[in-house]
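Q:
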Amino acid sequence: MFEKLEHLPDDPILGMMAKFRRDTSDRKVDLAAGVYQDENGKTVVLRAVREAEQRVHDAQKTKTYEGLAGNVSFNRAMQRLIFGESHPVINDRRVATVQTTGGSGGLHIVADVLRRAEKEPVVWLSGPTWPNHRPLIRGGDLSFEVYPYYDVERRGIDFDGMLGALDQAAAGDVVLLHGCCHNPTGADLSQGQWDQLVGVLERRGLIPFIDMAYQGFARGVDEDAYGARLCAARLPEMIVVTSGSKNFGVYRDRVGTATLVAPDADTTAACASHLANVTRTVYSMPPAHGAAVIDTILRDDKLHAEWLDELGTMRDRINSLRSRFSAAMAERTGNDRFDFVADQTGMFSILGLSREQVDRLREESHIYMVASSRANIAGVRQSNLDYLADAIAAVLKP
Ligand code: LMR
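The opening position of the sequence shown corresponds to residue 3 in the working numbering, with each subsequent residue numbered one higher.
1) Determine the direct distance from the alpha carbon of ALA293 to that of HIS306, and round the result to whole angstroms.
2) Near TYR228, what residues of its chain come up, given a Cβ to Cβ distance below 7 Å and the 5 sequence neighbours on each side ignored?
3) Compare the beta carbon distance of ASN249 and GLY218 with 8 Å and say whether it is the shorter of the two.
4) Could you tell me if the beta carbon of ILE15 falls within a distance shorter than 7 Å of some heavy atom in the ligand LMR?
5) Taking DSSP as the reference, what is the three-state secondary structure of ARG376?
6) I'd like to know whether the C-beta atoms of ILE2 and ILE394 end up nearer to each other than 8 Å.
7) Just list the residues that DSSP pairs MET214 with in beta bridges.
8) With ILE352 as the anchor, note down where its beta strand (DSSP E) starts and where it stops.
9) Just curious, the alpha helix (DSSP H) that GLY174 is in, first and last residue?
10) If we ignore side chains and look at the alpha-carbon of each, how far apart do LYS65 and VAL295 end up?
11) Hey, which unbroken runs of the beta strand (DSSP E) at 3 residues or more fall wholly within the region 105-162?
12) Kindly give me the distance between the Cβ atoms of LEU232 and PHE211, rounded to whole angstroms, as I take these residues to be in contact under 8 Å.
13) Closer than 6 Å by C-beta to SER75: which residues in its own chain qualify, once you throw out the five before and the five after it? Chain order, please.
14) Going by DSSP, which residues form a beta bridge with VAL397?
15) Along the chain, which unbroken stretches of the beta strand (DSSP E) at least 3 residues long are found entirely within the region 257-305?
16) Please confirm whether any heavy atom of the ligand LMR lies closer than 7 Å to the CB of GLY181.
17) DSSP three-state call for GLN359: helix, strand or coil?
18) Taking 7 Å as the cut-off, is the CB of ASP35 close to at least one heavy atom of the ligand LMR?
19) State yes or no: is the C-beta of TYR151 within less than 8 Å of the C-beta of ASP162?
20) Indicate, with yes or no, if the ligand LMR has a heavy atom lying under 7 Å from the CB of ASN1.
21) Within the chosen definition, does the region 255-268 reach the region 234-246 through at least 3 CB pairs nearer than 8 Å?
22) Between which two residues does the beta strand (DSSP E) carrying VAL200 extend?
23) Less than 7 Å between the CB of ASN185 and some heavy atom of the ligand FMN, yes or no?
24) Please identify the residue among ALA173, TYR370, LEU237 and ALA34 whose C-alpha is closest to the C-alpha of GLY201.
25) By the three-class DSSP mapping on this structure, what secondary structure does GLY166 have?
26) Looking only at its own chain, which residues have a Cβ that is under 6 Å from the Cβ of LEU355, when we skip the five neighbours before and after it?
27) Given ASP32, which residues of its chain have a CB within under 6 Å of its CB, disregarding the five upstream and five downstream residues?
28) My assumption, with CB atoms under 8 Å, is that THR281 sits in contact with VAL100. Please give the rounded CB distance.
29) Name the two residues that bound the continuous beta strand (DSSP E) containing ALA98.
30) Could you please give the first and the last residue of the uninterrupted alpha helix (DSSP H) stretch that includes SER88?
31) How should ASP114 be labelled, buried or exposed, when 16 other C-beta atoms within 10 angstroms of its C-beta is the threshold for buried?
32) Between the Cα of ILE352 and those of ALA34, GLU8 and LEU7, spot the shortest distance and give me the residue it belongs to.
33) Mind checking which residues open and close the alpha helix (DSSP H) that includes TYR228?
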């Protein structure tokens with residue numbers, strides 16, 4: 003039977019990461035996958051994580067199963083990270099959370115719960131969005147719509163287009179939003195735009211589904227949760243998925259959360275039972291290590307402060323690289339075409355290069371980015387900035 007299977011093309015993001023690893027050039031530059039790198043091109047284990055891992059190791063007395071929801075103490079700590087210490091939705095017992103295998107696992111678990119809650123759920127995706135959103139939440143009975151989000155030509159958010167499209171959505175439709183650090187564009191809604199958007203969601207009876215894979219990478223842990231906290235304060239129902247991959251740097255430990263906010267405590271308890279039941283049918287329960295580590299950090303004042311400090315260092319480095327990249331490109335092109343990169347946040351920006359230019363950068367200069375010209379700015383270094391800017395300027399020449 004397996005001879006019927008055709009070989010599939012590489013994953014658009016992780017396939018590029020694999021190609022980069024195979025490249026033996028010492029000039030190679032990795033701007034492909036959303037993984038933070040320091041000035042030496044290394045993705046190091048955070049100090050707070052190392053210390054927490056030691057504590058978890060020393061304290062561990064058993065390897066017996068966790069429950070279906072994973073680490074319950076971690077789930078509570080994550081609720082406070084998302085919504086803040088004393089958000090009314092937490093006090094009113096309107097939040098149900100399960101630990102998941104990264105943000106990807108969370109997206110998949112939530113999609114299965116949506117199918118149980120609604121006969122034919124419609125999910126609105128931003129145009130463009132992370133390429134794995136669709137496959138992760140796809141299903142025969144679920145359909146997708148796309149709302150305009152980013153205008154590559156104008157290099158900015160098409161906010162009128164976005165609100166116009168969502169004004170056509172039907173009550174009960176689900177709207178997938180990026181909490182911060184929009185992937186792939188790096189263009190985030192301002193607080194004023196969140197305020198307006200929540201007005202539309204409220205008026206149309208739409209349910210926000212917030213992917214918060216990068217909390218803390220744009221402006222700060224609390225600032226980046228503005229949209230999620232506002233939705234929770236104003237709307238009866240919402241969904242949030244988080245990932246520990248980026249902000250705790252525990253990529254391979256696969257830890258995240260799926261959270262549903264419901265109108266009252268009874269409905270929330272029913273939501274929790276479905277989250278746990280779906281988890282059981284997909285992978286039984288999530289792995290323990292990453293959640294124990296993050297829980298240890300969030301519950302200890304010293305480790306928490308150290309983590310926030312390290313997260314701030316990563317954020318500041320990306321923001322300063324953004325400015326330096328824009329300046330280097332302005333110097334070479336003599337125009338402001340790349341100024342937008344300095345104003346965006348998080349790891350990604352779409353550079354606005356053609357497919358052919360992206361291929362040339364890879365083949366001629368060993369510079370790897372996703373075919374859409376999405377570049378991970380955290381892969382730029384002071385030591386390769388000139389090389390990178392020269393190579394981009396060269397492929398732009400007619
Ligand atoms: C990315 O967008 O590069 C990251 O989220 C990694 C991934 O799994 O695609």
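Beta carbons: idealized from backbone N, C-alpha and C, even for Gly. If you're wondering where the values come from, they're calculated on a predicted model, not measured in any experiment.
A: Quick answer:
1) Along the sequence shown, read from residue 1 onward, the residue named residue 306 stands at position 304. Along the sequence shown, read from residue 1 onward, the residue named residue 293 stands at position 291. One C-alpha to the other measures close to 14 Å.
2) By 1-based counting over the sequence shown, the position of residue 228 is 226. Around TYR228: GLN193 and TRP196.
3) Position 247 of the sequence shown, counted from the start, is the residue given in the question as residue 249. Position 216 of the sequence shown, counted from the start, is the residue given in the question as residue 218. Less than 8 Å divides the Cβ of ASN249 from the Cβ of GLY218.
4) In the sequence shown, counting from the first residue as 1, residue 15 sits at position 13. Yes, the beta carbon of ILE15 sits closer than 7 Å to at least one heavy atom of the ligand LMR.
5) The sequence position of residue 376 within the sequence shown is 374, counting from 1. The answer is strand: DSSP assigns ARG376 an E or B state.
6) What the structure shows of the chain is the stretch from 3 to 400, and residue 2 is not part of that stretch, so it cannot be assessed.
7) The sequence position of residue 214 within the sequence shown is 212, counting from 1. According to DSSP, MET214 bridges with THR244.
8) The residue given as residue 352 occupies position 350 in the sequence shown. Where ILE352 is concerned, the enclosing beta strand (DSSP E) stretches over 350-352.
9) On the sequence shown, position 172 is the one that residue 174 refers to. That residue, GLY174, is in no alpha helix (DSSP H); it is neither H nor E in DSSP.
10) By 1-based counting over the sequence shown, the position of residue 65 is 63. By 1-based counting over the sequence shown, the position of residue 295 is 293. Approximately 15 Å, taken between the alpha carbons.
11) 124-129 and 145-150
12) Indexing the sequence shown from 1 puts residue 232 at position 230. Indexing the sequence shown from 1 puts residue 211 at position 209. Rounded, the Cβ-Cβ distance is 15 Å, inconsistent with contact.
13) Locating residue 75 in the sequence shown gives position 73, counting from the first residue. Excluding positions up to five away in sequence, the list reads ASP297.
14) The residue labelled residue 397 in the question sits at position 395 within the sequence shown. Answer is none; VAL397 lacks a bridge partner.
15) 258-263
16) Position 179 of the sequence shown, counted from the start, is the residue given in the question as residue 181. GLY181 Cβ: outside cutoff for every heavy atom of the ligand LMR.
17) Position 357 of the sequence shown, counted from the start, is the residue given in the question as residue 359. The answer is helix: DSSP assigns GLN359 an H, G or I state.
18) The residue labelled residue 35 in the question sits at position 33 within the sequence shown. Here the sequence assigns Ala to residue 35, which means Asp is not the residue at that position. Yes; taking the cut-off as 7 Å, the Cβ of ALA35 has a heavy atom of the ligand LMR nearer than that.
19) Taking the sequence shown and counting its residues from 1, one reaches residue 151 at position 149. Taking the sequence shown and counting its residues from 1, one reaches residue 162 at position 160. No, the Cβ-Cβ distance between TYR151 and ASP162 is not below 8 Å.
20) With the chain running from 3 to 400 in the structure shown, residue 1 is simply not present.
21) The region 255-268 vs the region 234-246: in contact.
22) The residue labelled residue 200 in the question sits at position 198 within the sequence shown. Going by DSSP, VAL200 is part of no beta strand (DSSP E) but of the alpha helix (DSSP H) stretching over 193-206.
23) Among the ligands modelled here, namely the ligand LMR, the ligand FMN does not occur.
24) As a first step, residue 201 must be located in the sequence shown, where it is residue number 199. Comparing Cα-Cα distances from GLY201 to each of ALA173, TYR370, LEU237 and ALA34, the minimum goes to LEU237.
25) Along the sequence shown, read from residue 1 onward, the residue named residue 166 stands at position 164. In this structure, GLY166 counts as helix in the three-state DSSP scheme.
26) Here residue 355 is taken as the residue at index 353 of the sequence shown, counted from 1. SER375.
27) Looking up residue 32 in the sequence shown gives position 30. Taken in chain order, the residues that qualify are PHE22, TYR370 and GLY381.
28) The count along the sequence shown starts at 1 and reaches residue 281 at position 279. The count along the sequence shown starts at 1 and reaches residue 100 at position 98. Their Cβ separation, rounded to whole angstroms, is 6 Å, which keeps THR281 and VAL100 in contact under 8 Å.
29) Here residue 98 is taken as the residue at index 96 of the sequence shown, counted from 1. Note, ALA98: beta strand (DSSP E), 97-102.
30) Translated into positions along the sequence shown, residue 88 becomes position 86. Per DSSP, SER88 belongs to no alpha helix (DSSP H) and is neither H nor E.
31) Here residue 114 refers to the residue found at position 112 when the sequence shown is read from its first residue. Counting Cβ neighbours within 10 Å, ASP114 comes out buried, since at least 16 surround it.
32) For the purposes of this step, residue 352 is taken as residue 350 along the sequence shown, with counting starting at 1. Among ALA34, GLU8 and LEU7, the Cα nearest to that of ILE352 belongs to ALA34.
33) For the purposes of this step, residue 228 is identified with residue 226 of the sequence shown, where counting begins at 1. Segment 228-236, the alpha helix (DSSP H) holding TYR228.
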